[in-house]
Each structure stands twice: as C-alpha cells, then as structure tokens.
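Below you'll find the structure, written out as structure tokens, and then a few comments.
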C-alpha cells in the first residue's frame, strides 16, 4: 500500500498538481485521504525520499524537489514526457552521459573492431538512410540505436553496453523527437559515416573526434531536439 501511495503522490507531482518547493499535506491529511495509517504514509514518503523526489525541510514539512536532483530514472523519464523544460534538461544530461561513455567506447572500438562489426555498422547506416527516405521514424530510431550499440559491443569491454541498459526507453523517447526532424536525420547520417570511416581506418584519435562532433549540439540548438 505504501508503494501505491508513493506512486499516487509521484503522479500528482508529474502532472503538476504539486510543483518543486510545494509541501506535501500533513501526514494526518494524507492518511485520511488514502485511508491508510500514518506509518504507511511515512513509508510512502520514505520511498519518495530514496528517489530524491522529496526532502524533509524542518519547519515546513516534506517538500518536492526540483527534477534536476531526482535519482529515479523512471520518474525522470515520466516527468520529461510531459514537460518540455524537463525534457530539455534530461536530454542535455543524457548527452553528457553519452559523451563520457561513447567517446571512450569508440576509441576502444577503433582498436578492437572486427570486419563483421564494420559490416554491421554499414548495414545500420543503409537501414537508417532507407528509413529516412520513407519517413519511417521508428525504423530510423531502431537503426540509429543499433549503430551505437554495435560500437559499444565492438569496444570489447563487457561492462560498456551494460551502462546503457537503463537508458534504453529514454534513448528511444528522445530519438523519436530528434529523428522526426529531417535536418537532424541528415546530420546524424553524416556523422555516422564519419565515425564508420574512422573505425575502418582504425584511427583512434579520429574516431574520438567524430563521436565528439556527433554528440555535441550545434551552436544554438536545443539538446532535446539536436542529436540522434
């Protein structure tokens, strides 16, 4: 029951019924609203605190935190889906994480990739190009994600792909937005071709540079709609 109550409170925050800085109703009021004991309410609030969705402010009770400090990826994904400002923040932080991981991964891949890896990357680019011409956004996203996944595995480090597992749904969500813009699709294809060329040449430095260029927003671009 505590988990259900925590979910109801989180949903209210995501829907904007409560906003950052607002205080939750007193325990007694929440207990009456949900027909639960105060102990159950405390446990529900504890769940939200472990996700850093709320915090205790002495003298003011339990307050809602800014999305920027939340630690639950699921909660961040859900709030970003319905809030353009949060989407931009999440997309920006996701790009930061991708740069930290993928730039290093592509450098390793330049040294360790196989001919089969290069063939799979070329197939991904061809599939992405074909899907873009058909304006099939889902197919573009699938080929795009597969391209990057091949590189992560080509790094030869078993831990690298695992780092991206929790990002999966968020990557799809954000890429659907970016891939719906023809100019972004075209730029992504150009960058993918440059990355493949560097990997084919086994040039670690150029591979890093190509991936960095791919994952850095163009000047004046919104991170939420800038990259694929």
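In this note's numbering, the protein residues as written are 11 to 238. Just so you know, even glycine gets a beta-carbon here, dropped at the ideal spot from N, CA and C. Note that the coordinates shown come from a computational prediction; the quantities given were computed from them, not determined experimentally.
| query | result |
| --- | --- |
| Under the three-state DSSP convention, the category residue 72 falls into | strand |
| Burial state of residue 169, where buried means 16 or more other Cβ atoms lie within 10 Å | exposed |
| Collapsed DSSP secondary structure at residue 63 in the structure displayed | coil |
| Residue 208 versus residue 60 - alpha carbon distance | 43 angstroms |
| Three CB pairs or more closer than 8 angstroms across the stretch 177–193 and the stretch 138–155 | yes |
| Residue burial classification, residue 42 (beta-carbon count within 10 angstroms, cutoff 16) | exposed |
| Proximity of residue 73 and residue 63 at Cβ, strictly below 8 angstroms | no |
| Strand pairing of residue 82, partner residues [DSSP] | Answer is none; residue 82 lacks a bridge partner. |
| Own chain residues within Cβ distance below 6 angstroms of residue 112, not counting five before or after | 221 |
| Local conformation of residue 2 per DSSP, three classes | Not covered by the structure: residue 2. The range shown for the chain is 11 to 238. |
| Three-state class that DSSP yields for residue 215 in the structure shown | helix |
| Entirely enclosed alpha helix (DSSP H) segments - the stretch 85–154, minimum 4 residues | 94–122 and 125–143 |
| Residue 71 beta carbon less than 8 angstroms from that of residue 33 | yes |
| Given residue 225 as reference, the closest of 171, 163, 54 and 107 once Cα atoms are compared | 107 |
| Inter-residue spacing [alpha-carbon to alpha-carbon] between residue 94 and residue 27 | Reliability of the predicted coordinates at residue 94 is poor, the pLDDT of 46 falling under 50, and the value obtained from them is presented with this limitation in mind. Each residue's Cα considered, the two are about 17 angstroms apart. |
| Where residue 46 sits in the DSSP three-state scheme | coil |
| CA nearest to the CA of residue 56, picked from 16, 29, 82 and 21 | 16 |
| Selected residue, minimal CA-CA separation from residue 54, among 24, 25, 69 and 20 | 20 |
| Residue 221, DSSP secondary structure in three states | helix |
| Whether residue 30 touches residue 75 by CB criterion (8 angstroms) | yes |
| Status (buried if at least 16 other CB within 10 Å, exposed otherwise) for residue 38 | exposed |
| 6 angstroms CB neighbourhood of residue 206 in its chain, flanking five on each side removed | 131 |
| Pairwise C-alpha distance: residue 214 and residue 223 | 14 angstroms |
| Residue 203, DSSP secondary structure in three states | helix |
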